[in-house]
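Here's the structure we're looking at; comments come further down.
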C-alpha cells in the first residue's frame with residue numbers, strides 16, 4: 372500500500388502558542404476537543420474542495436468522491452488522520468502520482484487542502500482558548 376506521510380508546522384502562529392503556554396494545564400484537553408468537534412470537519416471540507424473530478428466518470432454517471440463522504444477521520448492525541456474510505460481508496464493514485472496516474476504530476480490535493488484549512492483551524496483553537504479566559 373502506498374503511504375504518504377507529512378505534517379504541517381504552525382510556524383507564524385505565535386498567538387496560538389502564547390495561549391497554549393498560558394493555559395498549559397488545559398491545552399491538551401481543549402485542543403483535542405476542538406479538533407474532534409470542528410477542526411477535522413474543516414480539514415475534510417477543504418480537502419474535498421481540492422479533489423479533482425474526471426469528466427469521463429461524470430458522463431458515465433459514476434458517484435464521485437468530491438460529491439460523497441469519501442474521507443474518514445481517525446482521531447489521535449493532539450491531531451487527526453484523514454484517509455479515503457474503502458470505496459474511494461483510488462484517491463491516493465492522483466494525489467501521489469502513482470499507479471494509473473504514474474505518468475501524471477502528483478496532484479497533492481490532500482496536502483493543499485490541509486494547507487488551506489490550517490488558518491481556520493488555528494482561529495478555531497484561538498477562540499477556544501479565549502473562552503477559557505472569560
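Numbering (our numbering), first residue to last: 372 to 505.
Think of the CB as a built atom: it goes at the ideal place given N, C-alpha and C, for glycine as much as any other residue.
Presumed contact (8 Å Cβ cut-off) between residue i and residue j, rounded CB distance
{"i": "residue 444", "j": "residue 415", "result": "6 Å"}
{"i": "residue 406", "j": "residue 493", "result": "Wrong, their Cβ atoms sit about 11 Å apart, outside the cutoff."}
Own chain, CB closer than 7 Å to residue i, minus 5 neighbours either side, in chain order
{"i": "residue 480", "result": "418, 421, 422, 423, 466"}
{"i": "residue 410", "result": "492, 495"}
{"i": "residue 402", "result": "449, 496"}
{"i": "residue 391", "result": "398"}
{"i": "residue 451", "result": "406, 411, 444, 445"}
Classification of residue i by the beta-carbon crowding that lies within 10 angstroms, buried from 16 upward
{"i": "residue 441", "result": "buried"}
{"i": "residue 457", "result": "exposed"}
{"i": "residue 476", "result": "exposed"}
{"i": "residue 503", "result": "exposed"}
{"i": "residue 372", "result": "In this prediction, residue 372 has a pLDDT of 43, which is less than 50 and means its spatial position is unreliable; what the coordinates show is noted afterwards. Classification of residue 372: exposed, given that the 10 Å Cβ count is below 16."}
{"i": "residue 499", "result": "buried"}
{"i": "residue 400", "result": "exposed"}
Limits of the alpha helix (DSSP H) - the one that residue i falls within
{"i": "residue 484", "result": "480–504"}
{"i": "residue 421", "result": "411–421"}
{"i": "residue 403", "result": "395–405"}
Close-in-space but distant-in-sequence residues of the same chain around residue i (CB under 8 Å, 5 per side omitted)
{"i": "residue 455", "result": "436, 441, 442, 443, 461, 462, 463"}
{"i": "residue 413", "result": "488, 491, 492, 495"}
DSSP bridge partner residues for residue i (one or two, in chain order)
{"i": "residue 455", "result": "442"}
Cutoff 6 Å; reference residue i; Cβ partners in own chain excluding five residues on either side
{"i": "residue 384", "result": "493"}
{"i": "residue 408", "result": "none"}
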